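Counting from 1, position 268 in the sequence shown corresponds to residue 449 in the numbering used here; the numbering is continuous, with no gaps.
Glycine included, C-beta positions come from ideal geometry on N, C-alpha and C.
All of these numbers come straight from a predicted model, not from anything done at the bench.
Heads up, the thing below is written out as structure tokens.
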Amino acid sequence: MALSQPAFDKAPIRSRPWMATVLLTVGVCAILLGIGTSIVTGVAHITFGTVWESIVAYDPGNDHHVIIQSLRMPRALAGVLVGAAFAVAGAIMQGMTRNPIADTGLLGINAGSGFVLVLVFAFFPWLPFGAIILFSFIGAGLGAGLVYGIAFFARGGLTPLRLVLAGAVVGSLLSGVSQALSLLFQINYDLAFWTAGGISTAEWFQVSVMLPWIAGGLIAAMAVSRSVTILSLGEDVAAGLGQRTKLVKGIGTVVVMVLVGASVSTVGGVGFIGLIVPHMVRFLVGVDYRWIIPCSAVLGGVLVVFADIGAKMVALPYETPLGSIIAVLGVPFFLYLARKERRELS
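See the structure below:
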């Protein structure tokens with residue numbers, strides 16, 4: 182999907198392909214290490230040898246084999262998928278809007294997806310998981326539309342901080358309504374834990390359903406990466422280079438909705454991944470989104486897998502929500518970016 186003109190190749194885009202190659206290689210190795218460590222970590226003591234036995238000689242009568250195959254493997258793989266999805270969604274949003282503090286959690290997209298899912302649990306509990314994901318996409322679009330609508334009509338226009346404030350308002354509203362509906366309809370769902378974010382309940386059928394959606398979203402993100410790079414230079418510059426800005430933004434928005442919707446339907450609203458990871462990647466590899474997007478996907482998977490290991494180990498034998506672990510990193514990072522943005526505007 183080539184949406185850019187040859188003039189892009191002459192644009193002053195700073196990138197470090199060699200660093201991106203190193204980051205991708207190290208990141209993939211870290212993901213494999215994280216998956217293995219995640220599988221052997223938990224209340225039940227399991228060795229790497231037992232993990233290998235469960236793969237090559239699965240015994241349904243062996244409790245450890247059942248734990249590995251039914252619980253820990255899908256959990257680890259779900260962590261990689263949602264980490265990649267949230268990180269790439271954040272990178273696309275930051276590139277399209279030129280907003281350094283854009284994130285699916287901060288801008289209310291996660292809350293919108295969660296709100297519609299609560300409606301589904303309340304009124305259509307019989308729907309299959311594949312259909313639930315579709316409603317999650319709609320919810321992601323609803324959250325984004327409300328936030329951008331409020332920020333657009335506010336005095337002063339679409340500034341980064343105003344978007345975050347609108348996201349906080351919309352997120353709080355939708356989360357509050359979601360909790361009220363869950364109490365009213367007595368939804369048989371651990372909504373509090375799911376809202377905080379966690380992959381402890383991930384199962385194989387969920388992984389199999391969200392895998393093609395997330396894979397398709399990541400492929401589409403790579404396809405528009407050149408165009409997102411041009412758009413990140415500014416809309417006037419992009420138009421001058423022959424960029425069809427509205428088309429790129431439309432495709433990018435759909436990609437974000439797919440990635441966020443598939444992820445939230447499985448793990449809930451985990452924030453800050455799309456804020457932290459793209460900034461780290463941009464610092465290391467430069468501003469070319471042809472490298473930022475794949476590196477963000479890999480680093481996002483690494484972050485969630487190791488954060489989930491921490492979630493399992495912090496308060497054994499109890500589970501700590503994954504979102505709480507990542508928030509410990511994300512909140513200081515957000516405050517740093519917000520202060521930096523304020524200094525640049527002053």
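DSSP beta-bridge partners for residue i?
{"i": "glycine 467", "result": "Ser196"}
According to DSSP, is residue i helix, strand or coil?
{"i": "proline 475", "result": "helix"}
{"i": "valine 451", "result": "coil"}
{"i": "asparagine 291", "result": "helix"}
{"i": "threonine 382", "result": "coil"}
{"i": "leucine 362", "result": "helix"}
{"i": "serine 413", "result": "coil"}
{"i": "phenylalanine 514", "result": "helix"}
{"i": "phenylalanine 334", "result": "helix"}
{"i": "phenylalanine 305", "result": "coil"}
{"i": "leucine 422", "result": "coil"}
{"i": "threonine 285", "result": "coil"}
Between residue i and residue j, how many whole angstroms is the CB-CB distance? I'm expecting something under 8 Å.
{"i": "glycine 455", "j": "phenylalanine 296", "result": "Between phenylalanine 296 and glycine 455 the Cβ distance is about 19 Å, and since that is not below 8 Å, they are no contact."}
{"i": "glycine 223", "j": "glycine 481", "result": "Their Cβ separation, rounded to whole angstroms, is 23 Å, which puts glycine 223 and glycine 481 out of contact at 8 Å."}
{"i": "isoleucine 273", "j": "alanine 402", "result": "6 Å"}
{"i": "leucine 308", "j": "valine 301", "result": "6 Å"}
{"i": "isoleucine 282", "j": "phenylalanine 453", "result": "Actually they are not in contact, since the Cβ atoms of isoleucine 282 and phenylalanine 453 sit about 11 Å apart, beyond 8 Å."}
Can you give the Cα-Cα distance for residue i and residue j, rounded to whole angstroms?
{"i": "lysine 493", "j": "glycine 449", "result": "17 Å"}
{"i": "tyrosine 413", "j": "alanine 347", "result": "Here residue 413 turns out to be serine, not tyrosine, going by the sequence shown. Distance between the alpha carbons of serine 413 and alanine 347: 22 Å."}
{"i": "phenylalanine 366", "j": "glycine 379", "result": "23 Å"}
{"i": "leucine 465", "j": "valine 479", "result": "14 Å"}
{"i": "lysine 191", "j": "isoleucine 216", "result": "Reliability fails at lysine 191, whose pLDDT of 40 lies under 50, so the model's placement of it is uncertain and no value is given."}
{"i": "serine 356", "j": "glycine 322", "result": "16 Å"}
{"i": "glycine 330", "j": "serine 359", "result": "21 Å"}
{"i": "glycine 431", "j": "tryptophan 199", "result": "31 Å"}
{"i": "asparagine 578", "j": "glycine 260", "result": "The structure shown does not extend to residue 578, since the chain spans only 182 to 527, so no value can be given for it."}
{"i": "glycine 415", "j": "proline 498", "result": "50 Å"}
{"i": "glycine 324", "j": "leucine 399", "result": "21 Å"}
{"i": "glycine 491", "j": "leucine 484", "result": "11 Å"}
{"i": "serine 235", "j": "arginine 253", "result": "12 Å"}
{"i": "alanine 211", "j": "alanine 201", "result": "15 Å"}
{"i": "arginine 197", "j": "asparagine 291", "result": "32 Å"}
{"i": "tryptophan 233", "j": "valine 203", "result": "28 Å"}
{"i": "threonine 231", "j": "serine 408", "result": "47 Å"}
{"i": "glycine 381", "j": "isoleucine 248", "result": "The question names glycine, but residue 381 is serine in the sequence shown. If you take the alpha carbons of serine 381 and isoleucine 248, they lie about 12 Å apart."}
{"i": "glycine 397", "j": "glycine 311", "result": "15 Å"}
Taking 6 Å as the cut-off, is the C-beta of residue i nearer than that to any heavy atom in the ligand PLP?
{"i": "alanine 488", "result": "Of the ligands one can find in the structure shown there are none, so the ligand PLP has no counterpart to examine."}
Ignore the nearest five residues each way along the sequence and tell me which others in residue i's own chain have a CB closer than 6 Å to its CB.
{"i": "alanine 443", "result": "Ile314, Met391, Trp394, Ile395"}
{"i": "isoleucine 227", "result": "Val221, His245"}
{"i": "serine 317", "result": "Ser294, Leu298, Gly442, Val445, Ser446"}
{"i": "valine 509", "result": "none"}
{"i": "valine 351", "result": "Gly289, Leu327, Val328"}
Quick one: what's got a C-beta closer than 8 Å to residue i's C-beta in the same chain, skipping five residues either side?
{"i": "proline 255", "result": "Ala383, Glu384, Trp385, Gln387, Val388"}
{"i": "leucine 205", "result": "Pro475, Cys476, Val479"}
{"i": "alanine 257", "result": "Gly215, Ile216, Ser219, Ile220, Val486, Asp489"}
{"i": "tyrosine 239", "result": "His246, Gln250"}
{"i": "threonine 426", "result": "Leu412, Glu416, Ala419, Ala420"}
For residue i, which residues in the same chain have their Cβ closer than 7 Å to its Cβ, ignoring the five residues on either side in sequence?
{"i": "isoleucine 474", "result": "Val269, Ala272, Ala402, Met403, Ser406"}
{"i": "arginine 463", "result": "Ile473"}
{"i": "methionine 438", "result": "Phe318, Ala321, Gly322"}
{"i": "valine 209", "result": "Val479"}
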